[in-house]
Amino acid sequence: MLSRPALQVRLVLSACALAAEALHLGWEFTHGGVPSHHLLNRADLPAMSNWWGLLVVPLLVWLLVGRIQRRGATLVQAGSRARFRTLVLVRFGGALLWGAVLALAFAQGHPAVSFIFLGAFVAGVFLHLYRAEYVLGFALGLTFTFGAVLPVLIASVIAGCSFLVHLLVGAALRLVRGGRARGAGLP
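Here it is in structure tokens:
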């Protein structure tokens, strides 16, 4: 169970996400209307309205910040907690920047969009992109350009692929080691 201050942090961050999304939608509404975005940018596929962001963004923040807090709550030493917070912020910031660069490249019609997008899958082989801070940062980085639903779907696919790769690599390494646990010495 999370402490009262941890729940307050989640509530404040979720409220800030709701306020930011409301401001974003208010700006869109007053500048030509709130757009919808088609899956895979194809008009023959369903479109998702940016209005969904009022529900999706705060809910995403609430769920993923809670997940991060639960991971951090398992750390006992103060030095480990400070290192954990720093790593979470660096991971979140990097994913936020990656998502924002991808969104900007798409909005500008830059030819590197596919390389940036596929680069996230390649990065998922080396980094644990299924962690909550990566998913949250990447999805929020894309939200201004693509609304809220599509970035969550995209981030979920990247996270799922990264998880699957790390799961399979971990299983292969255990198989090679003969089923011994990580860190076990040789007989």
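All residue numbers for the sequence shown refer to my numbering, where the first residue is 1 and numbers rise by one. For every residue, glycine included, the Cβ atom is placed at its ideal position computed from N, Cα and C. Remember, it's a predicted structure, so these values are computed and weren't measured experimentally.
If we ignore side chains and look at the alpha-carbon of each, how far apart do residue i and residue j end up?
| i | j | result |
| --- | --- | --- |
| ARG83 | ALA17 | 25 Å |
| ALA19 | ALA172 | 46 Å |
| ALA139 | VAL57 | 9 Å |
| THR30 | ARG70 | 40 Å |
| HIS110 | HIS38 | 19 Å |
| ALA95 | LEU175 | 32 Å |
| LEU127 | VAL165 | 10 Å |
| LEU89 | VAL65 | 12 Å |
| ALA123 | ALA159 | 11 Å |
| THR143 | VAL149 | 8 Å |
| LEU87 | LEU104 | 25 Å |
| ALA120 | VAL157 | 10 Å |
| GLY170 | LEU129 | 15 Å |
| GLY26 | THR145 | 14 Å |
| VAL12 | PRO5 | 10 Å |
| SER114 | LEU60 | 26 Å |
Applying the 10 Å Cβ sphere with the 16-neighbour rule, what's the burial state of residue i?
| i | result |
| --- | --- |
| ARG10 | buried |
| GLN108 | exposed |
| ARG91 | buried |
| ARG131 | buried |
| LEU23 | exposed |
Put residue i into one of helix, strand or coil per three-state DSSP.
| i | result |
| --- | --- |
| HIS31 | coil |
| SER36 | strand |
| ALA17 | helix |
| GLY160 | helix |
| LEU25 | helix |
| ALA6 | helix |
| ARG177 | coil |
| GLY137 | helix |
| GLY147 | coil |
What does DSSP give as the partner residues of residue i in its beta bridges?
| i | result |
| --- | --- |
| ALA47 | HIS38 |
Quick check: is the beta carbon of residue i nearer than 8 Å to any beta carbon in chain C?
| i | result |
| --- | --- |
| HIS166 | No chain C appears in this structure, which consists of one protein chain only. |
Problem set entry | Ranges of the alpha helix (DSSP H) found wholly within the stretch 49-135, counting only runs of at least 4 | 53-73, 78-108, 113-126
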